[in-house]
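K.L.:
My structure is below; once you've seen it, I'll send some questions.
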Amino acid sequence: MIPQSNCETCLNTDDSAEKQKSKNAYKFINKKQQLNIAKQNSNLKTAKQFVLNLSNRKLTNTEIMTLGKGLNFIPTDKISRTNIMKDFKKFERKLRLKHFFHEYKTIPKTNHPFKEKSKFSVPIIGDNPIEQYIFHTKMELSNYKPNKTKNMTKEETQCLRTLRHIETITIHKADKNNITVVQNKKDYANEGERQLNDGIHYIEIPEINIKNTMNKINEIVYNMNKDNYLDEITFKYIKYENQYITTPFAYFLPKIHKLDNEILKDIYKQQTEIKIQVPARPIISQCNGPLERIGRYLDFFLLPIVKTQTTYISDTGSFIRLLENQR
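Be aware that the sequence shown starts at 219, since it is given in this note's numbering, and climbs by one per residue.
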């Protein structure tokens with residue numbers, strides 16, 4: 219039989235151990251929370267350096283964190299097996315083409331610069347190592363379980379959806395740097411109209427007739443091909459038959475580097491209401507426009523000539539190296 223005093227001692231020891239364990243757990247949780255808060259504050263401070271709010275709308279901390287990731291940031295998307303198999307289908311075709319043409323020595327190593335991508339598919343013939351690899355890889359992909367880890371919190375994802383549907387603001391990358399600029403849509407439109415209506419660089423046309431523009435381009439292209447100025451491959455590349463054509467559009471990148479440093483400091487501190495017209499750099503997007511392919515054709519021949527000029531500077535890095543060589 220155990221003495222009563224010994225039993226009480228054991229119970230007291232167990233209680234003390236439990237209390238110490240709970241105390242240590244509380245300290246650990248409290249320390250972890252403090253570290254998380256410090257990390258969030260540090261991330262928010264960093265994000266504020268890459269977001270400039272020129273609008274009348276006050277941004278929340280979550281919105282600043284979301285925009286601070288930059289406009290090139292890609293949120294983790296839902297991975298579907300359908301898309302995975304679709305991508306593998308392209309890879310599968312490349313493998314078969316490599317295997318099918320690897321013995322052809324006469325195939326040129328460099329393609330014609332304006333050759334359209336071929337849609338030729340190699341027929342499945344025989345049981346070779348390539349087909350075995352494709353089969354076994356498909357079997358593994360069919361059992362693949364995607365990683366569900368997200369690179370954005372639920373609050374940031376919801377914030378992104380909200381920002382997309384706010385019609386009073388516009389969000390663009392700044393010219394010359396990676397800062398994300400938030401502007402009133404009215405201010406953005408006023409700057410765009412000011413540049414487009416200057417009467418020097420742009421002329422307003424009464425109506426947009428893409429079909430008529432395409433017909434004029436095709437007439438010139440067909441005549442150039444007829445007079446042997448264009449080979450058949452280039453002719454097929456430039457002519458607009460069964461092509462999806464859209465109207466080119468303009469957008470503008472805010473030139474915040476043109477603003478006075480004192481004004482920028484006040485804006486970052488949100489101490490002054492924004493009452494300035496921010497200049498912008500115009501960008502004319504010709505993607506899928508009627509002049510896009512002709513532009514690529516001319517660029518192919520003119521760019522090498524431009525690069526031979528003594529005044530040619532390819533990018534910022536080239537300019538810096540040029541200055542360093544002048545020392």
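The C-beta atom is built at its ideal place from N, Cα and C for all residues, glycine as well.
With distance defined between alpha-carbon atoms, name the residue in Ile282, Ile512, Ala392, Lys266 nearest to Ile501.
P.N.:
Ala392
K.L.:
From the DSSP output, read off the bridge partner residues of Pro500.
P.N.:
Phe470
K.L.:
Look up His391 in the DSSP assignment and give the residues it is bridged to.
P.N.:
In the sequence as presented, His is not what sits at residue 391; that position holds Lys. According to DSSP, which records beta bridges pairwise, Lys391 is partnered with Thr398.
K.L.:
Could you say which of Ile384, Leu285, Gln413 lies nearest to Asn402 if we only look at CA atoms?
P.N.:
Sorting Ile384, Leu285, Gln413 by C-alpha distance to the C-alpha of Asn402 places Ile384 at the top.
K.L.:
Mind the definition here: the segment 259-267 touches the segment 284-291 only if three or more C-beta pairs lie below 8 angstroms; say whether that holds.
P.N.:
yes
K.L.:
If you draw a straight line from the C-alpha of Lys473 to the C-alpha of Ile389, how long is it?
P.N.:
14 angstroms
K.L.:
In the structure shown, what three-state DSSP assignment does Asn479 receive?
P.N.:
Three-state DSSP puts Asn479 in a helix.
K.L.:
Going along the chain, which unbroken runs of the alpha helix (DSSP H) with 4 or more residues stay wholly within the segment 224-291?
P.N.:
279-285
K.L.:
Which residues mark the beginning and the end of the alpha helix (DSSP H) in which Glu321 is found?
P.N.:
Careful: Glu321 lies outside any alpha helix (DSSP H) and carries neither H nor E.
K.L.:
Just to confirm, are Thr294 and Asn369 a CB contact at a threshold of 7 angstroms?
P.N.:
yes
K.L.:
Specify, as a first and last residue, the run of the alpha helix (DSSP H) that Arg514 falls within.
P.N.:
510-525
K.L.:
If you check the beta carbons only, do Leu313 and Ile343 fall under 7 angstroms apart?
P.N.:
no
K.L.:
Just to confirm the assignment, what range does the alpha helix (DSSP H) spanning Cys377 have?
P.N.:
372-382 is the extent of the alpha helix (DSSP H) around Cys377.
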